[in-house]
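Notes follow once the structure below has been shown.
Numbering (the working numbering), first residue to last: 90 to 444.
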């Protein structure tokens with residue numbers, strides 16, 4: 090027997106189908122409205138008309154913040170094995186003439202403060218009353234003994250022995266060993282610093298401030314910045330600075346150590362044209378700016394005072410002609426700028442100590 094569907098049943102089925110279709114359309118409209126609201130909440134339209142999803146924007150912002158933080162840490166960390174460009178043009182390192190007059194102090198006068206400068210040609214070149222150590226001491230009314238030696242690095246050279254009796258190059262490490270009495274002052278024979286070191290009337294244990302300035306020659310020689318796993322790796326910039334701070338404060342327990350970063354510099358080739366500056370040239374271990382960051386890192390780590398000579402003196406690409414006489418060494422105006430910054434730091438710190 091055949092099943093038959095009544096006309097009434099057909100009509101009912103049709104009505105139900107229509108209602109279902111209407112409900113579906115209504116639901117689609119509601120869902121589309123909700124999606125529009127969600128879209129409005131989760132997008133950002135920029136001034137240029139670009140539509141950016143907020144989730145993506147927030148991820149990009151978070152990533153940018155994290156990258157900036159990592160970059161700041163990278164600047165201050167002592168060691169990343171940056172590889173220099175092997176195609177870099179040769180840099181001609183200028184050798185300023187050393188001028189020595191009676192203003193270069195070699196005998197104590199009994200001043201309340203005693204300043205001892207250790208560094209390279211930035212401190213060593215002008216011993217004629219216009220140099221940074223002398224100008225600093227005048228403002229501080231202090232005795233000053235300038236132990237800087239031009240052309241020296243903080244660290245030992247890559248192949249150099251770390252045994253004091255076998256040191257083969259002048260450096261901060263060797264200078265500290267002479268002050269400690271580990272090796273004789275004759276290691277610096279032929280230098281003005283050697284004469285001062287040989288003067289038994291000078292008591293370096295009574296030093297109030299050791300002002301330490303190195304880094305430019307470490308950079309130029311491609312000496313590594315990081316001590317790696319060896320905290321006192323004497324062949325690295327960080328290791329040499331740490332070694333110096335630890336031993337200088339043993340030599341003079343009441344002394345304060347000021348670490349001075351290398352300054353901004355411009356470098357010239359054999360043809361006399363500039364080939365780069367401290368922000369861009371890399372000799373194998375980072376730029377000169379990176380060595381500045383490393384010096385700052387060690388100063389914070391060792392609780393030293395820090396002079397950011399690279400950024401705080403106002404010497405840059407725009408003012409280099411005024412403050413740098415050959416791209417590296419300071420003019421008379423530049424030396425006054427440097428000495429003023431050091432003297433202000435020392436006098437301010439003295440006020441803090443006395444209060």
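For glycine and all other residues, C-beta sits at the position ideal for the given N, C-alpha and C. Since the structure is predicted, the reported quantities are computational estimates derived from the model, not experimental observations.
ask   = For the alpha helix (DSSP H) that residue 232 lies in, which residues bound it at each end?
value = To locate residue 232, count along the chain shown from 1; it is residue 143. That residue, residue 232, is in no alpha helix (DSSP H); its beta strand (DSSP E) goes 231 to 235.
Residue nearest to residue 349 in terms of C-alpha spacing, selected from 424, 304, 308 and 390 = Translated into the one-based positions of the chain shown, residue 349 becomes position 260. That would be 304, whose Cα lies nearest to the Cα of residue 349.
task = Evaluate the contact criterion for the segment 231 to 246 versus the segment 284 to 298: three or more CB pairs, one atom per stretch, below 8 angstroms.
result = Because the criterion of three Cβ pairs below 8 angstroms is met, the segment 231 to 246 and the segment 284 to 298 touch.
key: Inter-residue spacing [alpha-carbon to alpha-carbon] between residue 333 and residue 352   = Counting from 1 along the chain shown, the entry for residue 333 is found at position 244. Counting from 1 along the chain shown, the entry for residue 352 is found at position 263. Rounded to the nearest angstrom, the gap between the Cα atoms of residue 333 and residue 352 is 20 angstroms.
Enclosing beta strand (DSSP E) for residue 269 [first to last residue] = Stepping through the chain shown from its first residue, residue 269 is reached at position 180. For residue 269, no beta strand (DSSP E) run applies; the uninterrupted alpha helix (DSSP H) run containing it begins and ends at 261 to 269, by DSSP.
request  = Check residue 307 in the structure and name its three-state DSSP category.
outcome  = Stepping through the chain shown from its first residue, residue 307 is reached at position 218. Assignment of residue 307 by DSSP, reduced to helix, strand and coil, places it in the helix class.
Anticipated Cβ contact below 8 angstroms, residue 277 with residue 205, distance rounded = Position 188 of the chain shown, counted from the start, is the residue given in the question as residue 277. Position 116 of the chain shown, counted from the start, is the residue given in the question as residue 205. About 14 angstroms separates the two Cβ atoms, so there is no contact after all.
task = Mark residue 320 as exposed unless 16 or more other C-beta atoms lie within 10 angstroms of its C-beta, in which case mark it buried.
result = Along the chain shown, read from residue 1 onward, the residue named residue 320 stands at position 231. So residue 320 ends up on the exposed side.
Option in 269, 250, 270 and 245 with minimal Cα separation from residue 259 = Position 170 of the chain shown, counting from 1, holds the residue named residue 259. Here the closest residue by C-alpha is 245.
message = Alpha carbons only, please: which of 327, 215 and 227 is nearest the one belonging to residue 239?
response = Counting from 1 along the chain shown, the entry for residue 239 is found at position 150. With distances taken between Cα atoms, residue 239 lies closest to 215.
ask   = Would a C-beta distance cut-off of 7 angstroms place residue 328 and residue 344 closer than the cut-off?
value = By 1-based counting over the chain shown, the position of residue 328 is 239. By 1-based counting over the chain shown, the position of residue 344 is 255. Going by C-beta atoms, residue 328 is not nearer than 7 angstroms to residue 344.
message = Taking DSSP's pairing of strands, which residues face residue 396 in a bridge?
response = If you number the chain shown from 1, residue 396 lands on position 307. Answer is 349, bridged to residue 396.
inquiry  = Tell me the rounded alpha-carbon separation between residue 361 and residue 421.
reply    = Locating residue 361 in the chain shown gives position 272, where the first residue counts as 1. Locating residue 421 in the chain shown gives position 332, where the first residue counts as 1. Spanning the two alpha carbons is a distance of roughly 22 angstroms.
query = Looking at C-alpha atoms only, which residue of 211, 295 and 255 is the closest neighbour of residue 398?
reply = Along the chain shown, read from residue 1 onward, the residue named residue 398 stands at position 309. Closest in C-alpha terms to residue 398, from the list 211, 295 and 255, comes 211.
request  = Counting only the same chain and skipping the five closest in sequence on each side, list residues whose C-beta sits under 6 angstroms from that of residue 428.
outcome  = Here the question's residue 428 lines up with position 339 in the chain shown. So the list reads 221, 224 and 225, once near-sequence residues are dropped.
Sequence-distant residues of its chain with Cβ nearer than 6 angstroms to residue 313 (five each side left out) = Residue numbering aside, residue 313 sits at position 224 when the chain shown is read from its first letter. In its chain, beyond the 5 residues on either side, 325 and 374 have a beta carbon closer than 6 angstroms to the beta carbon of residue 313.
query = Count the other CB atoms within 10 Å of the CB of residue 147; is the residue buried (16 or more) or exposed (fewer)?
reply = Within the chain shown, numbered from 1, the residue matching residue 147 stands at position 58. Residue placement at residue 147 is flagged as unreliable, the pLDDT there being 48, under the threshold of 50; a coordinate-derived value is accordingly withheld.
ask   = Identify the residues that DSSP records as bridge partners of residue 196: which are they?
value = Reading the chain shown from its first residue, position 107 is the one you call residue 196. Beta-bridge pairing links residue 196 to no other residue.
key: Reference residue 356, options 323, 386 and 413, closest by Cα   = The count along the chain shown starts at 1 and reaches residue 356 at position 267. Of the residues 323, 386 and 413, the one whose Cα lies closest to the Cα of residue 356 is 413.
request  = May I have the straight-line CA-CA distance separating residue 382 from residue 394, to the nearest angstrom?
outcome  = Your numbering for residue 382 matches position 293 in the chain shown. Your numbering for residue 394 matches position 305 in the chain shown. Going from the Cα of residue 382 to the Cα of residue 394 covers about 14 angstroms.
query = Where does the unbroken beta strand (DSSP E) through residue 298 begin, and where does it stop?
reply = As a position in the chain shown, residue 298 is number 209, starting the count at 1. For residue 298, the enclosing beta strand (DSSP E) covers residues 298 to 302.
ask   = Taking residue 340 as the reference, which of 370, 386, 301 and 270 has the closest Cα?
value = Indexing the chain shown from 1 puts residue 340 at position 251. With distances taken between Cα atoms, residue 340 lies closest to 270.
message = Under DSSP, the beta strand (DSSP E) around residue 205 begins and ends at which residues?
response = Residue mapping note: residue 205 aligns to position 116 of the chain shown, counting from 1. Taken as a continuous stretch (DSSP letters only), the beta strand (DSSP E) holding residue 205 covers 202 to 208.
query = What residues are listed by DSSP as bridge partners for residue 379?
reply = Within the chain shown, the letter at position 290 stands for residue 379. Paired residue(s): none; residue 379 is not in a bridge.
task = Pick out whichever of 195, 201, 368 and 178 has its Cα sitting closest to the Cα of residue 295.
result = Locating residue 295 in the chain shown gives position 206, counting from the first residue. Considering only alpha carbons, the answer is 201.
key: residue 320 (DSSP reduced to helix, strand or coil)   = On the chain shown, residue 320 is found 231 positions in, with the first residue counted as 1. Residue 320: coil per DSSP, three-state reduction.
query = With C-beta atoms as the reference, is residue 208 less than 7 angstroms away from residue 302?
reply = By one-based count along the chain shown, residue 208 stands at place 119. By one-based count along the chain shown, residue 302 stands at place 213. Yes, these two residues count as a Cβ contact at 7 angstroms.
inquiry  = Taking the alpha helix (DSSP H) that residue 332 belongs to, which residues open and close that run?
reply    = Taking the chain shown and counting its residues from 1, one reaches residue 332 at position 243. Secondary structure note for residue 332: its alpha helix (DSSP H) is the uninterrupted segment 326 to 340.
task = Return the Cβ separation of residue 384 and residue 310 in integer angstroms, given the expectation that the two are a contact with Cβ distance under 8 angstroms.
result = Locating residue 384 in the chain shown gives position 295, counting from the first residue. Locating residue 310 in the chain shown gives position 221, counting from the first residue. Not quite, the Cβ-Cβ distance comes to about 16 angstroms (not below 8 angstroms), so this is no contact.
Whole-number beta carbon distance between residue 183 and residue 415, since they are thought to touch under 8 angstroms = Counting from one through the chain shown, the residue named residue 415 turns up at place 326. Counting from one through the chain shown, the residue named residue 183 turns up at place 94. That belief holds up - the Cβ atoms of residue 415 and residue 183 are roughly 4 angstroms apart, short of 8 angstroms.
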